[in-house]
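Asker:
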Amino acid sequence: MGGRLLPGRMRAGRPIEQGTAFTVVHTADLHLGSGMRVARRLGREEELNTATYDALDRLIDLCDRIDADILTLGGDLFDEPNMANPGPRLRLKRALGALEDTNVAIVRGNHDHLGEDQAGVPWPDNVTEFAGPRKTLDLGWVRVHGVSYTRTHVTESLVPRYPDGDRDHFDIGLLHANVGGDTHHQPYSPCTVSDLTAKGYRMWLLGHIHKRQVLSEDPLILYPGNLQGRDVGETGDKSVEVIEVSGAGTLQHRAEPVAAVQWCHETIDVSGCDTVDDVENRVFEALRKTLADAGTLRGVVARIDLVGATAAHGALTRAPAAGATTIGDTIAELVNDDLGERNPFLLVDKVRVRTQMPIDLDDLRAAGGIHATLIGLVEAPDGRAALLDALAADGPTDRKELERLTADLWTPTLHNALARLRGGDA
Ligand SMILES: [Mn+2]
Numbered sequence: 007m008g009g010r011l012l013p014g015r016m017r018a019g020r021p022i023e024q025g026t027a028f029t030v031v032h033t034a035d036l037h038l039g040s041g042m043r044v045a046r047r048l049g050r051e052e053e054l055n056t057a058t059y060d061a062l063d064r065l066i067d068l069c070d071r072i073d074a075d076i077l078t079l080g081g082d083l084f085d086e087p088n089m090a091n092p093g094p095r096l097r098l099k100r101a102l103g104a105l106e107d108t109n110v111a112i113v114r115g116n117h118d119h120l121g122e123d124q125a126g127v128p129w130p131d132n133v134t135e136f137a138g139p140r141k142t143l144d145l146g147w148v149r150v151h152g153v154s155y156t157r158t159h160v161t162e163s164l165v166p167r168y169p170d171g172d173r174d175h176f177d178i179g180l181l182h183a184n185v186g187g188d189t190h191h192q193p194y195s196p197c198t199v200s201d202l203t204a205k206g207y208r209m210w211l212l213g214h215i216h217k218r219q220v221l222s223e224d225p226l227i228l229y230p231g232n233l234q235g236r237d238v239g240e241t242g243d244k245s246v247e248v249i250e251v252s253g254a255g256t257l258q259h260r261a262e263p264v265a266a267v268q269w270c271h272e273t274i275d276v277s278g279c280d281t282v283d284d285v286e287n288r289v290f291e292a293l294r295k296t297l298a299d300a301g302t303l304r305g306v307v308a309r310i311d312l313v314g315a316t317a318a319h320g321a322l323t324r325a326p327a328a329g330a331t332t333i334g335d336t337i338a339e340l341v342n343d344d345l346g347e348r349n350p351f352l353l354v355d356k357v358r359v360r361t362q363m364p365i366d367l368d369d370l371r372a373a374g375g376i377h378a379t380l381i382g383l384v385e386a387p388d389g390r391a392a393l394l395d396a397l398a399a400d401g402p403t404d405r406k407e408l409e410r411l412t413a414d415l416w417t418p419t420l421h422n423a424l425a426r427l428r429g430g431d432a
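So that you can map any letter, position 178 of the sequence shown is 184 in our numbering, and since no number is skipped, the others follow by simple counting.
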């Protein structure tokens with residue numbers, strides 16, 4: 007790793023000579039300045055809405071702590087392309103300027119493309135943004151190449167516009183693209199792992215897909231995932247990638263967590279709970295454990311699914327009177343009033359009830375009568391088929407689609423039907 011320069015001797019493009027070990031930190035999809043839709047409803051509004059900046063601070067601290075030689079930002083730094091909101095640009099400029107010994111390279115993506123009205127916030131000297139004819143940051147042995155979006159819908163591959171790598175250099179590609187046709191994300195700059203490999207680079211550092219994915223080890227091709235989850239579709243650890251290159255050019259890489267607030271999706275089994283009070287206790291118990299693992303996070307936002315067979319099922323699923331809240335909402339509010347006030351905090355975004363009445367199918371089957379008939383009908387493939395045929399004949403839904411939609415519903419529906427037949431509205 008190169009030694010740090012003396013204070014005041016800031017220099018753009020600090021060279022990395024062949025045979026020198028160096029460290030790269032890669033991140034993408036920061037979406038700086040975007041808030042969280044749930045913030046106003048759940049409280050802790052400021053922490054939730056500034057979480058992207060909080061994560062940026064953690065990224066800068068990490069780069070400083072490990073003395074990163076290169077920091078690469080792989081597009082979608084900002085949520086919006088134009089200067090309508092220059093606040094995020096001012097903040098990023100100041101944050102990157104603090105890393106005066108780190109070479110920073112930036113490409114723009116579909117969200118923050120370099121459109122026509124870019125102006126006003128110049129980058130500090132240690133920052134290189136690939137724009138116009140500028141495609142390479144030349145650090146001697148090491149070269150970083152990038153091509154920015156100039157509009158949102160880049161439907162052709164940008165890869166042909168990257169220069170070829172060569173054996174005398176350690177070439178790094180920085181690219182915002184959908185590699186391999188991920189159908190959950192827009193098909194921008196579509197390309198394949200073999201397109202990238204053919205360039206002869208040692209690594210490709212990507213942006214666009216919001217989930218960490220290592221597509222290849224040699225050459226190293228990876229998405230770091232986004233910096234900070236912002237809704238229930240972005241759960242789990244959010245990290246940046248730290249890549250250490252030895253003097254001989256061998257690579258080691260790891261994910262380092264940086265998110266300030268973590269989204270999680272928790273399934274809580276309330277089997278055996280007799281009352282809603284038991285259910286509430288079990289939810290608190292589970293969430294206290296989650297909070298105990300929060301480490302240095304500022305907070306956690308959880309989506310809860312209650313599952314299992316419980317005598318409280320009827321109470322949990324009963325429709326509330328007009329204007330009253332469901333029991334799920336009440337439990338969420340109780341958690342938020344308590345754990346939501348702590349540091350780190352835990353907020354529940356929503357409680358979904360997916361419970362069943364406790365029913366012993368074997369007993370009912372043995373007892374015969376209407377219960378046994380109903381069980382037989384649902385459990386026999388012929389019985390299910392007959393029910394689906396009848397439904398499909400009656401409605402606009404395709405028979406195959408109906409089969410898919412009902413696949414997971416048979417057992418809970420049967421349980422609930424049996425519970426009602428037995429008057430088990432606990
Ligand atoms: Mn994108």
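Ideal Cβ positions, reconstructed from N, Cα and C, are used throughout, including at glycine. Predicted model only: the values in this text are computed from it and were never measured.
Let me confirm a value: His190 is counted as buried when at least 16 other C-beta atoms fall within 10 Å, else exposed. Which label applies?
Answerer: As a working mapping, residue 190 is identified with position 184 in the sequence shown. By the neighbour-count rule (16 or more Cβ atoms within 10 Å), His190 is not buried but exposed.
Asker: Measure the alpha-carbon distance for Asn232 versus Ala399 and round it to whole angstroms.
Answerer: On the sequence shown, residue 232 is found 226 positions in, with the first residue counted as 1. On the sequence shown, residue 399 is found 393 positions in, with the first residue counted as 1. If I take the Cα positions, the gap works out to 46 angstroms.
Asker: Scan the stretch 292 to 333 and note each continuous alpha helix (DSSP H) run of 4 residues or more that stays entirely inside, going in chain order.
Answerer: Runs of the alpha helix (DSSP H) inside the stretch 292 to 333: 319 to 323.
Asker: Does any heavy atom of ligand 1 sit closer than 7 angstroms to the C-beta of His259?
Answerer: Numbered from 1 along the sequence shown, position 253 holds the residue referred to as residue 259. False, no ligand heavy atom lies under 7 angstroms from that Cβ.
Asker: Does Glu247 come out as helix, strand or coil in the three-state DSSP assignment?
Answerer: Within the sequence shown, the letter at position 241 stands for residue 247. Strand.
Asker: Is the CB-CB distance between Pro350 and Val306 below 8 angstroms?
Answerer: As a first step, residue 350 must be located in the sequence shown, where it is residue number 344. As a first step, residue 306 must be located in the sequence shown, where it is residue number 300. Their beta carbons are under 8 angstroms apart, which means Pro350 touches Val306 by this criterion.
Asker: Mind checking which residues open and close the alpha helix (DSSP H) that includes Leu420?
Answerer: In the sequence shown, the residue the question calls residue 420 occupies position 414. Taken as a continuous stretch (DSSP letters only), the alpha helix (DSSP H) holding Leu420 covers 416 to 427.
Asker: The alpha helix (DSSP H) with Asp144 in it runs from where to where?
Answerer: Counting from 1 along the sequence shown, the entry for residue 144 is found at position 138. Here Asp144 belongs to no alpha helix (DSSP H); instead the beta strand (DSSP E) covers 142 to 145.
Asker: In whole angstroms, what separates the C-alpha of Thr419 from that of Asn287?
Answerer: Here residue 419 refers to the residue found at position 413 when the sequence shown is read from its first residue. Here residue 287 refers to the residue found at position 281 when the sequence shown is read from its first residue. Distance between the alpha carbons of Thr419 and Asn287 is about 27 angstroms.
Asker: Rounded to whole angstroms, what is the Cα-Cα separation between Gly329 and Asp335?
Answerer: Walking along the sequence shown from the start, residue 329 turns up at place 323. Walking along the sequence shown from the start, residue 335 turns up at place 329. For Gly329 and Asp335, the distance between alpha carbons rounds to 12 angstroms.
Asker: Measuring from the CB of Asn232, is there a heavy atom of ligand 1 at a distance below 7 angstroms?
Answerer: Position 226 of the sequence shown, counted from the first residue, corresponds to residue 232. No, since every heavy atom of ligand 1 falls outside the 7 angstroms radius drawn around the Cβ of Asn232.
Asker: Pick out the complete alpha helix (DSSP H) segments inside the stretch 348 to 385, 4 residues or longer, and give them in chain order.
Answerer: Counting whole runs of 4 or more residues, the stretch 348 to 385 contains the alpha helix (DSSP H) stretches 367 to 373, 375 to 385.
Asker: Under the three-state reduction of DSSP, which class applies to Glu135: helix, strand or coil?
Answerer: In the sequence shown, counting from the first residue as 1, residue 135 sits at position 129. Three-state DSSP puts Glu135 in a strand.
Asker: Answer yes or no: do Val127 and Val110 have a C-beta to C-beta separation smaller than 8 angstroms?
Answerer: Taking the sequence shown and counting its residues from 1, one reaches residue 127 at position 121. Taking the sequence shown and counting its residues from 1, one reaches residue 110 at position 104. No, the Cβ-Cβ distance between Val127 and Val110 is not below 8 angstroms.
Asker: With three or more C-beta pairs closer than 8 angstroms as the rule, is the stretch 355 to 365 touching the stretch 310 to 326?
Answerer: A contact exists between the stretch 310 to 326 and the stretch 355 to 365.
Asker: Buried or exposed for Leu415, please, with buried defined as at least 16 other CB atoms from any protein chain shown within 10 angstroms of its CB.
Answerer: In the sequence shown, residue 415 corresponds to position 409, counting from 1. So Leu415 ends up on the exposed side.
Asker: Could you please give me the residues that DSSP links to Ile215 through a beta bridge?
Answerer: Position 209 of the sequence shown, counting from 1, holds the residue named residue 215. Bridge partners of Ile215: none, in fact.
Asker: Do you know how far the Cα of Arg426 is from the Cα of Leu98?
Answerer: Sequence index remark: in the sequence shown, residue 98 carries index 92 (1-based). Sequence index remark: in the sequence shown, residue 426 carries index 420 (1-based). Looking at the two C-alpha atoms, the distance is approximately 59 angstroms.
Asker: Any contact between the stretch 77 to 96 and the stretch 30 to 39? By contact I mean 3 or more CB pairs, one from each, below 8 angstroms.
Answerer: Yes, the stretch 77 to 96 is in contact with the stretch 30 to 39.
Asker: Should Ala266 and Arg64 be called a contact, given that it needs their Cβ atoms to be closer than 8 angstroms?
Answerer: Counting from 1 along the sequence shown, the entry for residue 266 is found at position 260. Counting from 1 along the sequence shown, the entry for residue 64 is found at position 58. Going by C-beta atoms, Ala266 is nearer than 8 angstroms to Arg64.
Asker: Just how far apart, CA to CA, sit Asp131 and Gly103?
Answerer: As a first step, residue 131 must be located in the sequence shown, where it is residue number 125. As a first step, residue 103 must be located in the sequence shown, where it is residue number 97. Going from the Cα of Asp131 to the Cα of Gly103 covers about 8 angstroms.
Asker: How is Ala396 classed by DSSP in three states: helix, strand or coil?
Answerer: Reading the sequence shown from its first residue, position 390 is the one you call residue 396. Three-state DSSP puts Ala396 in a helix.
Asker: Going by DSSP in three states, Cys197 sits in which element: helix, strand or coil?
Answerer: Sequence index remark: in the sequence shown, residue 197 carries index 191 (1-based). In the structure shown, Cys197 sits in a strand (DSSP, three-state: E or B).
Asker: Would you report the Cα separation of His159 and Gln219, rounded to the nearest angstrom?
Answerer: The residue labelled residue 159 in the question sits at position 153 within the sequence shown. The residue labelled residue 219 in the question sits at position 213 within the sequence shown. Rounded to whole angstroms, His159 to Gln219 spans 23 angstroms at the Cα level.
Asker: Would His151 be called buried (16 or more neighbouring beta carbons within 10 Å of its own) or exposed?
Answerer: For the purposes of this step, residue 151 is taken as residue 145 along the sequence shown, with counting starting at 1. Answer is buried; the Cβ neighbour count reaches 16.
Asker: Could you pull the start and end residues of the beta strand (DSSP E) that Pro263 belongs to?
Answerer: Position 257 of the sequence shown, counting from 1, holds the residue named residue 263. 257 to 263 is the extent of the beta strand (DSSP E) around Pro263.
Asker: For ligand 1, is there any heavy atom lying closer than 7 angstroms to the beta carbon of Gly187?
Answerer: Mapped onto the sequence shown, residue 187 falls at position 181. No.
Asker: Does the distance from the C-beta atom of Val113 to that of Ile22 stay below 8 angstroms?
Answerer: Mapped onto the sequence shown, residue 113 falls at position 107. Mapped onto the sequence shown, residue 22 falls at position 16. Result no, Cβ atoms of Val113 and Ile22 do not sit closer than 8 angstroms.
Asker: Does the distance between the C-beta of Gly80 and the nearest non-hydrogen atom of ligand 1 fall short of 7 angstroms?
Answerer: Within the sequence shown, residue 80 is the residue found at index 74, counting from 1. Result no, Cβ not under 7 angstroms from ligand 1.
Asker: Using three-state DSSP, classify Gly445 as helix, strand or coil.
Answerer: A question about residue 445 goes unanswered here, because the residues of the chain that appear run from 7 up to 432.
Asker: Check Thr26 in the structure and name its three-state DSSP category.
Answerer: As a working mapping, residue 26 is identified with position 20 in the sequence shown. It is coil, neither helix nor strand.
Asker: In the DSSP assignment, find the alpha helix (DSSP H) that holds Asp70 and state where it starts and stops.
Answerer: Counting from one through the sequence shown, the residue named residue 70 turns up at place 64. Its alpha helix (DSSP H) spans residues 57 to 71.
Asker: Reducing DSSP to helix, strand and coil, say where Arg149 ends up.
Answerer: In the sequence shown, residue 149 corresponds to position 143, counting from 1. Arg149 falls in the strand class under three-state DSSP.
Asker: Going by the beta-carbon positions, is the gap between Tyr194 and Ala204 smaller than 8 angstroms?
Answerer: To locate residue 194, count along the sequence shown from 1; it is residue 188. To locate residue 204, count along the sequence shown from 1; it is residue 198. No, the pair does not count as a contact, with Cβ atoms beyond the cut-off.
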